[in-house]
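Below: one structure, written as structure tokens.
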Amino acid sequence: GLSVPTYFVILGEMFDRQAGVNMAEFEFPAYFNFFCLKKRVTLICMPDLEARVRAIFNETLLGPDDANIIGANDHGGDCDETAYPKFREEGYYLDSMRRDLNVDTLIQFKTFDA
């Protein structure tokens, strides 16, 4: 059979809003390569896309930054703050490897200017 790709090139927009289609589907192949095959993927893109991809992977891999978690907005004002999820701490408890995990562990970025 075919192997899962390890090189991805992203040019232009990552999402086509008119068609509602992801034009840069590499998230699941990146996770599959890393967690199942123990490989890193290479993403070839422009510098501005690297910053966007890093932000996306930081949140999907490690959870939201503490500054972006506003519990009252997500859980309502009547919910006790001690009941709010602590994504990073829970992740560390479930899998200590997450303490050293970052986007560069999964993806090697190769950038270019057009």
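If you count the sequence shown from 1, position 38 lands on 43 in the numbering used here, and the numbers rise without skipping. Cβ coordinates follow ideal geometry from the N, Cα and C atoms, glycine included.
Consult DSSP for residue i and reduce its assignment to one of helix, strand or coil.
i: Tyr12; result: strand
i: Leu48; result: strand
i: Asp118; result: coil
i: Asp109; result: helix
Am I right that residue i and residue j are in contact with their C-beta atoms under 8 Å? What's the rounded C-beta distance?
i: Phe33; j: Pro69; result: No, Phe33 and Pro69 are not in contact; Cβ-Cβ is about 20 Å, not under 8 Å.
i: Leu111; j: Ala35; result: 5 Å
Are residue i and residue j closer than 9 Å when you measure CB to CB?
i: Val58; j: Val9; result: no
i: Gly25; j: Leu67; result: no
i: Phe31; j: Leu7; result: no
i: Arg45; j: Phe37; result: no
Closer than 8 Å is the cut-off here; do at least three beta carbon pairs connect the stretch 13-31 with the stretch 75-84? no
Contact between the stretch 47-60 and the stretch 105-119 (3+ Cβ pairs under 8 Å): yes
Report the residue ranges of all beta strand (DSSP E) runs contained in full by the stretch 25-98; include only those spanning at least 3 residues, in chain order. 46-50
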